[in-house]
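Note sheet for the following structure.
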Amino acid sequence: MKTIDVYILTGFVGAGKTTALNHLLRNEPLTAANPALIINEFGKIGVDGSLVARQDLKRYDINKGSIFCICTKTDFLKALTEIAESGCHQSLLIEATGIAETVDIESFLDAPKLKEIYQIKANLCLVDAANFTRVAAYLKPAKTQVQYADALIVNKCDLVSDAERDTLGQILESLNPTAPRVQTTYGKINTDFLAGIRHNIHDNKTLAQPPEDIIAVSISTEKPFDRDVFYQTLDDLKDNLLRLKGNINFGDGVRFVELAGTTISETEPSKELTKQNATPTAFTAIAWKIDRETLNNSFFDCVS
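This is the structure:
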């Protein structure tokens with residue numbers, strides 16, 4: 003049986019992993035290998051999977067936890083087994099949840115019938131140039147993702163000054179001095195850079211539970227949201243919210259709302275997400291230092 007090349011995308015929430023994945027899927031050597039996809043999200047609603055440009059590819063959505071945590075190991079191994087047994091794919095792209103704390107995927111791939119099939123080619127870490135120094139100071143996953151990466155893609159470089167990029171470069175150098183780095187915008191990864199990456203094996207422990215203090219809530223409802231109340235809620239929760247993404251019905255139409263770092267945007271609704279969910283509002287929010295019930299109630303208080 004032929005081996006399957008594995009590419010892993012990590013990076014803290016909002017770094018631009020799904021955008022980078024879509025660029026990778028335009029990479030001719032990868033697309034020629036008929037890649038399978040595993041999209042890992044912390045929340046219950048598969049928002050990121052709905053944003054993948056190539057909806058024709060075989061995709062496995064693993065939600066409700068990190069694949070680097072034992073809590074979703076069974077689903078992950080089932081997906082790997084199905085991909086291997088299909089004999090249809092020569093490559094596998096994995097987009098990990100933004101709060102993945104370790105990269106111990108090597109131990110998962112060491113399972114019987116899998117260890118001779120899968121070969122990790124690269125662990126690519128997307129670094130949010132505009133927000134990394136802010137979150138890495140108090141959220142451990144942001145740092146460990148950098149430390150275990152084979153290469154660092156410093157994204158959103160257009161949002162920071164030259165001085166800020168230099169400071170970030172020094173921080174990344176101290177965390178992972180051996181990983182090659184490239185600066186980019188909109189998650190664009192050069193083919194030549196990708197081809198030159200070599201994977202380093204790390205011996206890591208598997209997490210038994212998600213990182214401390216980080217939670218996710220997934221909101222689905224038929225009822226419209228009051229836009230003003232919703233945005234006031236985002237402001238009230240600015241010290242807690244790490245990420246928010248999904249479709250929201252504001253009464254005058256459904257919009258795709260995204261919070262990444264301190265930036266909030268509204269665009270046309272995700273059609274694929276609309277197909278996947280029975281309700282017009284379907285989004286996931288990731289937060290820390292707040293209990294799940296309070297966060298959940300805060301959003302349902304926005305219903306008009």
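Letter by letter, the sequence shown follows residues 3 to 306 in my numbering.
The C-beta atom is built at its ideal place from N, Cα and C for all residues, glycine as well.
What you are looking at is a predicted structure, and each value in this text was computed from that prediction instead of being measured.
For residue i, three-class secondary structure by DSSP
{"i": "VAL176", "result": "Reading off the sequence, residue 176 comes out as Ser, not Val. Correct three-state label for SER176: helix."}
{"i": "LEU27", "result": "coil"}
{"i": "LYS291", "result": "coil"}
{"i": "GLN57", "result": "coil"}
{"i": "LEU261", "result": "strand"}
{"i": "ASN133", "result": "coil"}
{"i": "LYS247", "result": "strand"}
{"i": "GLU224", "result": "coil"}
{"i": "ALA210", "result": "Confidence is the limiting factor: at ALA210 the pLDDT is only 48, short of 50, which leaves the residue's position unreliable, though a coordinate-based value still follows. Three-state DSSP puts ALA210 in coil, outside helix and strand."}
{"i": "ALA165", "result": "helix"}
{"i": "TYR62", "result": "strand"}
{"i": "GLU274", "result": "helix"}
{"i": "ALA17", "result": "coil"}
{"i": "LYS142", "result": "helix"}
{"i": "LEU236", "result": "helix"}
{"i": "ASP215", "result": "coil"}
{"i": "THR269", "result": "strand"}
{"i": "THR76", "result": "helix"}
{"i": "ASN125", "result": "strand"}
{"i": "ASP152", "result": "coil"}
{"i": "ARG200", "result": "coil"}
{"i": "ASP230", "result": "helix"}
{"i": "ALA280", "result": "coil"}
Nearest residue (CA-CA) to residue i, options the options
{"i": "SER272", "options": "THR281, LEU170 and ARG28", "result": "THR281"}
{"i": "SER300", "options": "LEU26, ASP237 and THR169", "result": "ASP237"}
{"i": "VAL8", "options": "ALA287, THR235, LYS291 and PHE110", "result": "PHE110"}
{"i": "LEU95", "options": "THR235, TYR233, THR20 and ILE203", "result": "THR20"}
{"i": "TYR188", "options": "HIS204, VAL156, ALA218 and ARG200", "result": "VAL156"}
{"i": "LEU246", "options": "LEU297, PHE78, ILE122 and LEU196", "result": "LEU297"}
{"i": "ASN133", "options": "LEU261, VAL231 and ARG294", "result": "LEU261"}
{"i": "GLU43", "options": "GLY89, ALA34 and THR99", "result": "THR99"}
{"i": "LEU286", "options": "ASP160, GLY16, ILE119 and SER220", "result": "Position check: residue 286 holds Thr in this sequence, whereas Leu was assumed. When only C-alpha atoms are compared, the closest one is SER220."}
{"i": "VAL137", "options": "ILE173, ASN249, PRO179 and ASN178", "result": "ILE173"}
{"i": "VAL129", "options": "ILE122, GLY171 and GLN121", "result": "GLY171"}
{"i": "LYS4", "options": "ASP112, ALA35 and PHE14", "result": "ALA35"}
{"i": "GLU118", "options": "GLU87, ALA144 and ALA131", "result": "GLU87"}
{"i": "ILE122", "options": "ARG294, ASP152 and ILE101", "result": "ASP152"}
{"i": "ASP112", "options": "ALA144, PHE78, GLU97 and THR283", "result": "PHE78"}
{"i": "VAL231", "options": "PRO143, ARG56, VAL305 and ALA38", "result": "VAL305"}
{"i": "GLY18", "options": "TYR120, LYS145, PRO37 and GLY263", "result": "GLY263"}
{"i": "ASN202", "options": "TYR150, THR193, SER222 and GLU270", "result": "TYR150"}
{"i": "GLY89", "options": "TYR62, GLN57, PRO37 and ALA102", "result": "PRO37"}
{"i": "ASN308", "options": "ILE101, ALA102, THR169 and ALA197", "result": "Beyond the ends of the chain as shown, which are 3 and 306, falls residue 308; an answer cannot be given."}
{"i": "VAL15", "options": "LEU154, GLU175, PRO143 and THR283", "result": "PRO143"}
Presumed contact (8 Å Cβ cut-off) between residue i and residue j, rounded CB distance
{"i": "ILE6", "j": "GLN147", "result": "In fact, because the Cβ distance is near 23 Å, the residues do not count as touching under 8 Å."}
{"i": "LEU32", "j": "LEU82", "result": "Incorrect: roughly 18 Å between the Cβ atoms, too far for contact."}
{"i": "ASN251", "j": "LYS291", "result": "That belief does not hold up - the Cβ atoms of ASN251 and LYS291 are roughly 29 Å apart, past 8 Å."}
{"i": "ILE191", "j": "ALA22", "result": "6 Å"}
{"i": "ILE85", "j": "ILE64", "result": "Incorrect: roughly 13 Å between the Cβ atoms, too far for contact."}
Inter-residue Cα distance where the pair is residue i and residue j
{"i": "THR216", "j": "LYS225", "result": "Note that residue 216 corresponds to Ile in the displayed sequence, not to Thr. Cα to Cα, the separation comes out at about 27 Å."}
{"i": "ASP303", "j": "ASP228", "result": "9 Å"}
{"i": "GLY185", "j": "ASP164", "result": "The sequence shown places Gln at residue 185, rather than the Gly named in the question. Cα to Cα, GLN185 sits roughly 12 Å from ASP164."}
{"i": "GLN234", "j": "LEU275", "result": "25 Å"}
{"i": "ALA181", "j": "ALA139", "result": "21 Å"}
{"i": "PRO114", "j": "HIS204", "result": "20 Å"}
{"i": "ALA210", "j": "LEU141", "result": "Confidence in ALA210 is poor, its pLDDT being 48 and thus under 50, which makes the residue's placement too unreliable to answer from."}
{"i": "HIS25", "j": "SER267", "result": "21 Å"}
{"i": "CYS127", "j": "THR12", "result": "5 Å"}
{"i": "VAL162", "j": "ALA131", "result": "7 Å"}
{"i": "LYS240", "j": "LYS60", "result": "37 Å"}
{"i": "ASN178", "j": "LEU244", "result": "24 Å"}
{"i": "ASN135", "j": "ASP254", "result": "A small correction: the amino acid at residue 135 is Thr; Asn does not occupy that position in the sequence shown. Cα to Cα, THR135 sits roughly 38 Å from ASP254."}
{"i": "LEU27", "j": "ALA124", "result": "15 Å"}
{"i": "ARG183", "j": "THR223", "result": "42 Å"}
Problem - Length-filtered (3 minimum) beta strand (DSSP E) runs lying within the stretch 80-104 - result: 93-97
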